[in-house]
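Encoded as structure tokens, the structure appears first; notes follow it.
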Amino acid sequence: MGASQTRTEHQYQSLADKTGFSLEQIKNLHQRFQHLSGNEEKISRENLDSIPALANNPIKKQIIEAFFDKRNQHQEEVGFFEEIGFEQFLMVMSHFRPPTLKMTEEEKQAMRKEKLRFLFNMHDTDNDGTITLDEYRKVVEELLSKSGAIDQEAAKAIADAAMLEVASTNVPHMGPDDFYEGITFEHFEQILKGLEMESRMHIRFLGVDTTTMRCGKSTS
Ligand SMILES: [Ca+2]
Numbered sequence: 034m035g036a037s038q039t040r041t042e043h044q045y046q047s048l049a050d051k052t053g054f055s056l057e058q059i060k061n062l063h064q065r066f067q068h069l070s071g072n073e074e075k076i077s078r079e080n081l082d083s084i085p086a087l088a089n090n091p092i093k094k095q096i097i098e099a100f101f102d103k104r105n106q107h108q109e110e111v112g113f114f115e116e117i118g119f120e121q122f123l124m125v126m127s128h129f130r131p132p133t134l135k136m137t138e139e140e141k142q143a144m145r146k147e148k149l150r151f152l153f154n155m156h157d158t159d160n161d162g163t164i165t166l167d168e169y170r171k172v173v174e175e176l177l178s179k180s181g182a183i184d185q186e187a188a189k190a191i192a193d194a195a196m197l198e199v200a201s202t203n204v205p206h207m208g209p210d211d212f213y214e215g216i217t218f219e220h221f222e223q224i225l226k227g228l229e230m231e232s233r234m235h236i237r238f239l240g241v242d243t244t245t246m247r248c249g250k251s252t253s
């Protein structure tokens, strides 16, 4: 074992401590990262944009932006990176990590909150703490327009109706002139309360199935 290999293992261990991934998972993800970056230190949006498995994902754009969103790095920073290195890449990937059997109830709750925060950030694009109707509309429009079956006007109407539904659940006695400012994180948690999503939130790309965090033989 050479000195550089020891150093790599040391780095992997520190990344494992930070992200909760096992050494094996980190090794696998590192290989994927190198493949994606073309053996460069960093990856850009263009690198992720060319992943075939993401091509048909209706929220591809949001997923890619999430990788460069500083809010997903746990450092209280906001804004976007132009490029990210392996550690930053891992931090984002760690949001897709499923809970393990060893986790305490408290740890599971913390993990759930982190995942919800990640999803919330994906929609709260201007980071003002609420998902406004406009922000929500954009996502719905994109989702529906990808299917090609619906025009923009209809997509808008559907987004408005869905948002009204959300508003009426959160503010039951809203008058016709009341203005609903948008979904706060607390509302968001409330809306998704009944949904067991700790193990559901996963993405399949890079040939990594995040439900198990195993690398498949897929070429993507
Ligand atoms: Ca917002």
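Using the working numbering, you'd call the opening residue of the sequence shown number 34 and step up by one each time.
Quick reminder that beta carbons are idealized off the backbone N, C-alpha and C, glycines included.
- In this structure, the straight-line span from the alpha carbon of glutamate 42 to that of methionine 144 is close to 26 Å.
- Contact between threonine 52 and leucine 123 holds: their C-beta atoms lie close to 5 Å from each other, under 8 Å.
- Within 8 Å of the C-beta of isoleucine 224 there is not a single heavy atom belonging to ligand 1.
- Residue pairing by DSSP places aspartate 102 opposite Phe113 in a beta bridge.
- In the structure shown, the three-state DSSP call for threonine 217 is strand.
- In this structure, glutamate 175 sits near isoleucine 92, with a CB-CB distance shorter than 9 Å.
- Within the segment 158-203, not a single complete beta strand (DSSP E) segment reaches 3 residues in length.
- Asparagine 89 counts as exposed, since fewer than 16 other C-beta atoms from the protein chains shown sit within 10 angstroms of its C-beta.
- At a cut-off of 8 Å, the beta-carbon of threonine 165 counts as near ligand 1: some heavy atom of the ligand is closer than that.
- In the three-state reduction of the DSSP assignment, lysine 75 falls in the strand class.
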